[in-house]
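Asker: Counting along the sequence shown from 1, when you hit position 193 you're at 193 in UniProt numbering, and nothing is skipped either side.
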Amino acid sequence: MPFAPFVGVNHHGQSILLGAGLISSEDTNTFTWLFQTWLQCMDGIPPKAIITDQDRAMKNAIAKVFPESRHRFCLWHILKKVPEKLGSYAAYKSGLKSHLMKCVYDTQTVEEFEKCWDGLLNTYDLHENVWLKSLYDERQHWVPVFLKEYFWAGMSTTQRSESMNAFFDGYVHAKTNLKEFVDQFDSALRKKIENENNADFHTFSVTIPCISRSPIEKRFQELYTNAKFREVQQQVMGVLDMDPCLLSEDGVMKRYLVEDEVRVEEFTKLVTYSVNFNVEDYDGKCSCGLFEMRGILCRHILAIFRANEARWE
1 MPFAPFVGVN HHGQSILLGA GLISSEDTNT FTWLFQTWLQ CMDGIPPKAI ITDQDRAMKN
61 AIAKVFPESR HRFCLWHILK KVPEKLGSYA AYKSGLKSHL MKCVYDTQTV EEFEKCWDGL
121 LNTYDLHENV WLKSLYDERQ HWVPVFLKEY FWAGMSTTQR SESMNAFFDG YVHAKTNLKE
181 FVDQFDSALR KKIENENNAD FHTFSVTIPC ISRSPIEKRF QELYTNAKFR EVQQQVMGVL
241 DMDPCLLSED GVMKRYLVED EVRVEEFTKL VTYSVNFNVE DYDGKCSCGL FEMRGILCRH
301 ILAIFRANEA RWE
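1) With respect to the beta strand (DSSP E) encompassing A49, which residues constitute its N-terminal and C-terminal limits?
2) By the DSSP assignment, the alpha helix (DSSP H) with E84 in it spans what residues?
3) Please name the residue in I16, S15, L17 and T32 whose C-alpha comes closest to that of I23.
4) Quick one: measure Cβ to Cβ for L147 and L120, integer angstroms, because I've assumed they're closer than 8 Å.
5) My assumption, with CB atoms under 8 Å, is that P5 sits in contact with A20. Please give the rounded CB distance.
6) With DSSP run on the structure shown, which of helix, strand or coil describes A20?
7) Tell me the residue span of the beta strand (DSSP E) that contains D283.
8) Three-state secondary structure (DSSP) at K192?
9) In this structure, does DSSP put H99 in helix, strand or coil?
10) Flag this pair as touching only if the region 224-238 and the region 32-45 have three or more C-beta atom pairs under 8 Å; answer yes or no.
11) For C116 and L189, what's the separation of their Cα atoms in angstroms?
12) Helix or strand or just coil, what does DSSP make of C298?
13) Among the residues of its own chain, which have a CB less than 8 Å from the CB of I78, if the five just before and after it don't count?
14) Could you tell me the alpha carbon to alpha carbon distance between K192 and V279, rounded to whole angstroms?
15) Within its chain, find whatever has a CB closer than 7 Å to the CB of Q14; leave out the 5 residues flanking it on each side and keep chain order.
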C-alpha cells in the first residue's frame, strides 16, 4: 500500500510532515481524493507551491484540487534521465550535455532560455526528439527560470519527501500491520516535533554573533532563526568579493551588474547578475532570485545596499 507524505519546511529549514495518506492505487481519482481530504485537514488553505515527480495522474489531480498552487516537477528526477534519453547521440559528451545544462542552469530570463533551447535543437538536430519535445511543452513546471518568482523554501526536488520516507524506515517495515503503523507513525511524529522544539530552544537561548558591522546583518540576526541566520551570513561573507557596476540610472531606479564566482561541482565559473535597486525605498531585485525562492537576501543585493550606504531601521 503506497505511503504518500506531504512534506514541508519549517522556520529552521527542517523537513516537517504536514500530513500523509495510505492509498490503494496511484490514479487520478485516488490522488484527487487524497488532496481533497488533506485540504480539508488544512482548513481549506491550499499550498502556495508544490513539488512532485512527473506522474501524470498526480499532475491532473493537482490541477483540479490546487488550481492556484504553483506546481513544480522534481528537477533531479528529470535530469537523471538525460544519459538514458540522450546518451546515444555522438555529441552527447562533446557538447550536447553541457549545452542542455546551460539551458537549465545558466539562463536568467525566459528569453535567454528560449534562445539557448533553440540553439540546442538546431546545433544537435534534436527537433524530432520526443523526450525533449515533452520537456519543452512542460518547461514552466521544471526549468528554474520559470520558477524563481515563487517561494520554494530552498527546494527544487522531492528529496525531502524521499528522506521522510527513509525516516519512517526506522519505525515501520513491509510487514507492519495497520495498527502498528499508526502507533509507530505517532512515535515518528513526536520525534520530529522534539527536533523542532530543540531548534526553537537553541534559537531563543543562543545568539550567533554578527560577522560584520552591517546594521542589515544585525537586523537579520534579530528576525531569523539561527539556522536561517547562518545562511544569511554566508551571503554577508560573499559581499567582500562583490564589485557592483552601475549600468543605468532612471529617476529613483538604478540598475547594476554584479559578477560572481559560482561553484558547480568541482569547477567555478563567472556569472553576471542584474540587480534593480530603488534608492527611495531601498528595494532590490536580483536576477538570481535567491530572496524570492529561499527568503534569503543574496550577496548581490547586499553589495548594492553597501554601495548605496543603505541602512535599515
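Where a beta carbon is used, it is the ideal one built from N, C-alpha and C, also for glycine.
Answerer: Based on what the coordinates show:
1) The sequence position of residue 49 within the sequence shown is 49, counting from 1. Following the DSSP letters along the chain, one finds A49 inside the beta strand (DSSP E) bounded by residues A49 to T52.
2) Numbered from its first residue, the sequence shown carries residue 84 at position 84. First-last of the alpha helix (DSSP H) with E84: V82 to L86.
3) One-based indexing of the sequence shown puts residue 23 at position 23. I23 has its Cα closest to that of T32, out of I16, S15, L17 and T32.
4) As a working mapping, residue 147 is identified with position 147 in the sequence shown. As a working mapping, residue 120 is identified with position 120 in the sequence shown. The pair is not a contact, with the Cβ atoms about 20 Å apart (cut-off 8 Å).
5) Numbered from 1 along the sequence shown, position 5 holds the residue referred to as residue 5. Numbered from 1 along the sequence shown, position 20 holds the residue referred to as residue 20. P5 to A20, Cβ: 4 Å. Contact.
6) The residue you call residue 20 lines up with position 20 of the sequence shown. In this structure, A20 counts as strand in the three-state DSSP scheme.
7) If you number the sequence shown from 1, residue 283 lands on position 283. D283 to C286 is the span of the beta strand (DSSP E), which, as asked, contains D283.
8) Start at 1 with the first residue of the sequence shown, and residue 192 comes out as number 192. Three-state result, K192: helix.
9) Mapped onto the sequence shown, residue 99 falls at position 99. Here H99 sits in helix by DSSP.
10) At 8 Å Cβ cutoff, the stretches do not touch.
11) One-based indexing of the sequence shown puts residue 116 at position 116. One-based indexing of the sequence shown puts residue 189 at position 189. Cα-Cα distance, rounded: 45 Å.
12) Here residue 298 corresponds to residue number 298 of the sequence shown, with the count starting at 1. In the structure shown, the three-state DSSP call for C298 is coil.
13) As a working note, residue 78 is residue 78 in the sequence shown. Setting aside the 5 residues that flank it on each side, I78 is surrounded in the same chain by Q54, L135 and W142, each with a C-beta closer than 8 Å to its C-beta; the list follows chain order.
14) Reading the sequence shown from its first residue, position 192 is the one you call residue 192. Reading the sequence shown from its first residue, position 279 is the one you call residue 279. Between K192 and V279, the C-alpha separation is close to 44 Å.
15) Residue 14 sits at position 14 when you count from the first residue of the sequence shown. These residues qualify, in order along the chain: N195, E196 and A199.
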